[in-house]
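S.K.: Chains as they are written, first to last, in the UniProt record's numbering: chain X, 1 to 259; chain Z, 1 to 352. No residue lacks a Cβ here, since even glycine has one placed at the ideal position from N, Cα and C. These numbers come from a predicted model, not from an experiment.
(1) Tell me, which residues are paired with residue 241(Z) by DSSP?
(2) Once DSSP output is grouped into helix, strand and coil, what is the label at residue 137(X)?
(3) Can a CB atom of chain X be found closer than 8 Å to the CB of residue 167(Z)?
(4) What ranges does the beta strand (DSSP E) occupy inside the segment 35–114 of chain X, keeping only unbroken runs of at least 3 residues that lie completely in it?
(5) Under 8 Å between C-beta atoms, does residue 126(X) make it to chain Z?
(6) From the beta carbon of residue 113(X), is the nearest beta carbon of chain Z less than 8 Å away?
(7) For residue 146(X), write down the residues that DSSP places opposite it in a beta bridge.
(8) If you measure beta-carbon to beta-carbon, which residues of the segment 132–166 of chain X are closer than 9 Å to chain Z?
(9) For residue 296(Z), count neighbouring Cβ atoms within 10 angstroms of its own Cβ and tell me buried if that reaches 16, exposed if not.
(10) Just curious, the alpha helix (DSSP H) that residue 131(X) is in, first and last residue?
(11) For the segment 76–92 of chain Z against the segment 51–60 of chain Z, do three or more pairs of beta-carbon atoms, one drawn from each stretch, fall closer than 8 Å, so that the two count as touching?
(12) Report the option in 23(X), 5(X) and 7(X) whose CA atom is closest to the CA atom of residue 229(X).
(13) Using 8 Å as the threshold, is the segment 270–284 of chain Z in touch with the segment 154–164 of chain Z, meaning 3 or more CB pairs across them?
(14) In whole angstroms, what is the alpha-carbon distance linking residue 75(X) and residue 60(X)?
(15) Taking just the CA atoms, how far does residue 147(Z) sit from residue 220(X)?
(16) Please classify residue 159(Z): does DSSP put it in a helix, a strand, or coil?
(17) Please look up how many angstroms separate the CB atoms of residue 217(Z) and residue 273(Z), rounded, as I've assumed it's under 8 Å.
(18) Going by DSSP in three states, residue 25(X) sits in which element: helix, strand or coil?
(19) From residue 34(Z) to residue 82(Z), what distance separates their C-alpha atoms?
(20) Taking contact to mean at least 3 C-beta pairs separated by less than 8 Å, is the segment 88–100 of chain X in contact with the segment 231–240 of chain Z?
(21) Could you name each continuous alpha helix (DSSP H) segment of 4 residues or more that falls completely within the segment 162–223 of chain Z, going from the start of the chain to the end?
(22) Where do the ends of the beta strand (DSSP E) carrying residue 237(X) lie?
(23) To the nearest angstrom, how far is the alpha carbon of residue 270(Z) from that of residue 221(Z)?
(24) Pull up the CB-CB distance for residue 308(Z) and residue 317(Z), whole angstroms please, since I reckon it's below 8 Å.
(25) What does residue 253(Z) touch in chain X if you count any residue whose Cβ is under 7 Å from its own?
(26) Under 8 Å between C-beta atoms, does residue 247(X) make it to chain Z?
(27) Going by DSSP, what residues sit across from residue 219(X) in a beta bridge?
(28) Assuming residue 47(X) and residue 102(X) are in contact, meaning their beta carbons sit under 8 Å apart, how far apart are those beta carbons, in whole angstroms?
(29) If you drop the 5 nearest sequence neighbours on each side, which residues of the same chain put their C-beta closer than 7 Å to that of residue 251(X)?
(30) Let me know the secondary structure DSSP gives residue 13(X) once reduced to three states.
(31) I need the boundaries of the beta strand (DSSP E) containing residue 203(X), first residue and last residue.
(32) Between which two residues does the alpha helix (DSSP H) holding residue 319(Z) run?
(33) Assign residue 315(Z) to one of two classes, buried (16 or more other C-beta atoms within 10 Å of its C-beta) or exposed (fewer than that).
(34) So, at 6 Å on beta carbons, what are the nonlocal neighbours of residue 156(Z) in its own chain, with the 5 sequence-adjacent residues on each side left out?
(35) Got a sec: does the ligand GTP put a non-hydrogen atom nearer than 7 Å to the Cβ of residue 49(X)?
(36) Residue range of the beta strand (DSSP E) that residue 173(X) falls in?
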């Protein structure tokens with residue numbers, strides 16, 4: 001259950017402002033694709049176009065094609081709600097639902113959609129998802145406690161469990177470790193290398209070492225200046241990107257000689 | 001005043017002279033004594049003048065002593081503390097005085113019988129009779145007004161926060177603000193005119209009053225619900241969307257569920273705002289002496305109008321008016337307690 005996404009010539013707008021211009025890339029199934037680049041270069045914006053979360057912002061729109069297994073996500077007949085059921089997302093800041101218990105947070109994708117689920121199935125889903133997110137052993141005795149009672153790193157893993165509970169094809173992660181300490185970060189990085197056996201993962205990160213550690217392929221985004229659109233500079237296998245990138249700007253950024 | 005000794009000041013000292021903890025209290029006590037003494041000598045010692053002079057003397061004494069001992073920064077702090085405390089006590093005076101007046105004067109007639117009898121067959125100087133019919137009327141009219149204004153207010157607020165863009169939303173916000181300022185008598189006349197047009201000139205019912213109150217209540221509900229919905233973090237909406245939850249279910253199960261505690265409080269404040277309205281009810285629902293449970297037909301008694309008409313009557317009516325006012329305050333307090341219970345039960349769970 002993982003799919004590839006082919007992006008062709010994607011332009012992303014906020015109203016009249018062109019935020020990201022002309023991105024074409026192939027996102028391989030069962031692998032981790034890392035998006036790196038300076039702040040404001042459009043990595044997160046681009047990531048949010050992959051599950052049509054971008055258009056939640058008023059005035060935001062997209063031109064171009066993003067094809068998941070033969071289906072253009074931006075075809076007129078495509079329902080964004082259905083896309084989001086296939087392409088899950090984990091955000092920068094952990095955002096468990098404050099009114100729900102740990103177990104209910106994991107089941108949120110089911111419960112919020114008014115689907116009926118038997119008690120046994122619910123318990124199975126909770127355990128499978130929490131095990132999948134490496135959180136089961138820490139919370140199995142307090143599943144009925146509120147999700148906000150967990151530490152930041154645990155909350156982020158709870159959000160990952162919530163995202164994989166609906167069994168998506170693709171998992172998008174927008175700087176999932178930027179608010180976490182090194183130990184929680186390590187836990188989530190380990191988790192990513194396990195999850196890529198089942199899912200297509202795309203991760204935005206500011207941490208070069210993290211991109212090098214977890215990703216199979218890396219894409220470098222850059223921006224010419226404020227008010228200019230962000231662009232995909234180059235994309236290659238991670239070892240190639242970090243040892244011999246073809247564009248000088250990539251090497252400057254990766255080696256910290258940027259700007 | 002004894003002062004803790006500190007090392008001679010140098011460029012890098014972290015310690016300083018402090019007044020002892022009891023210094024403010026000593027200053028208050030001293031000021032009160034001096035103020036009382038002075039005013040007794042001048043023969044103008046009322047509670048108000050003594051309190052005012054005490055506050056003034058205390059502020060001057062404490063600030064100047066503090067300035068001498070502790071330096072200008074702490075002296076300013078003490079002055080600000082004194083001013084804030086005085087302002088707080090001043091604000092408390094009318095509240096306590098009002099409660100005391102209502103309780104002491106209302107207690108004359110207030111009893112179980114007063115709450116459970118109506119005014120049928122009560123004439124002249126008879127001290128019997130009660131407010132049962134007015135309690136029923138107030139609760140029925142306010143409940144009907146709530147049933148009208150809460151759905152309208154809630155849906156309008158949801159539109160403004162979750163959907164509204166451009167001139168329509170701006171226009172609605174503007175008119176809601178205008179509606180907040182409508183004088184209650186205008187709302188009453190509006191309801192009166194509306195029902196006269198629809199039902200003929202002789203029609204009187206609780207519904208008329210409820211519509212008048214709903215006109216006053218709706219903007220308050222919209223405003224408070226809107227604030228509560230805007231407090232719900234966008235991250236929660238996005239988290240829900242990212243799970244493939246449609247917008248309407250997100251609003252229903254995440255946005256409203258997260259803000260329900262605040263919404264209940266807001267609705268309660270709106271109810272408290274209209275439950276004591278007199279003018280619009282005086283010209284719409286009028287007054288009768290027996291209990292009327294039917295909001296669609298006939299006049300109804302309400303507590304504020306009852307208090308007003310009894311007070312006009314004079315004599316024992318004045319005592320009834322105070323007891324009715326006490327009843328009204330108790331009802332509002334009870335509703336507030338219920339609302340607190342509800343919002344506590346639905347509050348987002350935090351803590352470990």
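M.R.: The answer reads as follows:
(1) Sequence index remark: in the second chain, residue 241(Z) carries index 241 (1-based). Its beta-bridge partners do not exist; DSSP assigns none.
(2) Stepping through the first chain from its first residue, residue 137(X) is reached at position 137. The answer is helix: DSSP assigns residue 137(X) an H, G or I state.
(3) Your numbering for residue 167(Z) matches position 167 in the second chain. Taking Cβ atoms only, chain X never reaches closer than 8 Å to residue 167(Z), which makes this a no.
(4) 60–68 and 87–90
(5) On the first chain, position 126 is the one that residue 126(X) refers to. Not one chain Z Cβ lies under 8 Å of residue 126(X).
(6) Reading the first chain from its first residue, position 113 is the one you call residue 113(X). Yes, because at least one Cβ of chain Z sits closer than 8 Å to the Cβ of residue 113(X).
(7) By one-based count along the first chain, residue 146(X) stands at place 146. For residue 146(X), which the question treats as bridged, DSSP gives the partners 101(X).
(8) 145, 146, 147, 148, 149, 150, 159, 162, 163, 165 and 166
(9) As a working note, residue 296(Z) is residue 296 in the second chain. The residue is exposed, with fewer than 16 neighbouring Cβ atoms inside 10 Å.
(10) By one-based count along the first chain, residue 131(X) stands at place 131. Residue 131(X) -> alpha helix (DSSP H) spans 119–132.
(11) yes
(12) Within the first chain, the letter at position 229 stands for residue 229(X). Of the candidates 23(X), 5(X) and 7(X), the one whose C-alpha sits nearest the C-alpha of residue 229(X) is 23(X).
(13) no
(14) If you number the first chain from 1, residue 75(X) lands on position 75. If you number the first chain from 1, residue 60(X) lands on position 60. Taking the straight line joining both Cα atoms gives about 16 Å.
(15) Counted from its first residue, the first chain places residue 220(X) at position 220. Counted from its first residue, the second chain places residue 147(Z) at position 147. Cα to Cα, the separation comes out at about 57 Å.
(16) Position 159 of the second chain, counted from the start, is the residue given in the question as residue 159(Z). Helix.
(17) One-based indexing of the second chain puts residue 217(Z) at position 217. One-based indexing of the second chain puts residue 273(Z) at position 273. Yes, they are in contact, since the Cβ atoms of residue 217(Z) and residue 273(Z) sit about 7 Å apart, within 8 Å.
(18) The residue given as residue 25(X) occupies position 25 in the first chain. Here residue 25(X) sits in strand by DSSP.
(19) Reading the second chain from its first residue, position 34 is the one you call residue 34(Z). Reading the second chain from its first residue, position 82 is the one you call residue 82(Z). The straight-line gap from Cα to Cα measures roughly 18 Å.
(20) yes
(21) 166–180 and 184–199
(22) By 1-based counting over the first chain, the position of residue 237(X) is 237. That run of the beta strand (DSSP E) goes 230–237.
(23) Within the second chain, residue 270(Z) is the residue found at index 270, counting from 1. Within the second chain, residue 221(Z) is the residue found at index 221, counting from 1. Roughly 6 Å separates the two Cα atoms.
(24) Taking the second chain and counting its residues from 1, the one referred to as residue 308(Z) is at position 308. Taking the second chain and counting its residues from 1, the one referred to as residue 317(Z) is at position 317. Rounded, the Cβ-Cβ distance is 10 Å, inconsistent with contact.
(25) Looking up residue 253(Z) in the second chain gives position 253. Near residue 253(Z) (Cβ distances below 7 Å), the residues of chain X are 112.
(26) Translated into positions along the first chain, residue 247(X) becomes position 247. Residue 247(X) does not count as touching chain Z.
(27) Here residue 219(X) corresponds to residue number 219 of the first chain, with the count starting at 1. Answer is 35(X) and 235(X).
(28) Position 47 of the first chain, counting from 1, holds the residue named residue 47(X). Position 102 of the first chain, counting from 1, holds the residue named residue 102(X). Residue 47(X) to residue 102(X), Cβ: 27 Å. No contact.
(29) If you number the first chain from 1, residue 251(X) lands on position 251. Result list for residue 251(X): 245, in chain order.
(30) In the first chain, counting from the first residue as 1, residue 13(X) sits at position 13. Strand at residue 13(X).
(31) What you label residue 203(X) is simply residue 203 of the first chain in a count that begins at 1. Segment 200–204, the beta strand (DSSP E) holding residue 203(X).
(32) For the purposes of this step, residue 319(Z) is taken as residue 319 along the second chain, with counting starting at 1. Unbroken alpha helix (DSSP H) run through residue 319(Z): 316–346.
(33) For the purposes of this step, residue 315(Z) is taken as residue 315 along the second chain, with counting starting at 1. By the neighbour-count rule (16 or more Cβ atoms within 10 Å), residue 315(Z) is not buried but exposed.
(34) The residue given as residue 156(Z) occupies position 156 in the second chain. So the qualifying residues of the chain are 222.
(35) The ligand GTP is not part of this structure, which contains no ligands at all.
(36) Sequence index remark: in the first chain, residue 173(X) carries index 173 (1-based). Segment 170–174, the beta strand (DSSP E) holding residue 173(X).
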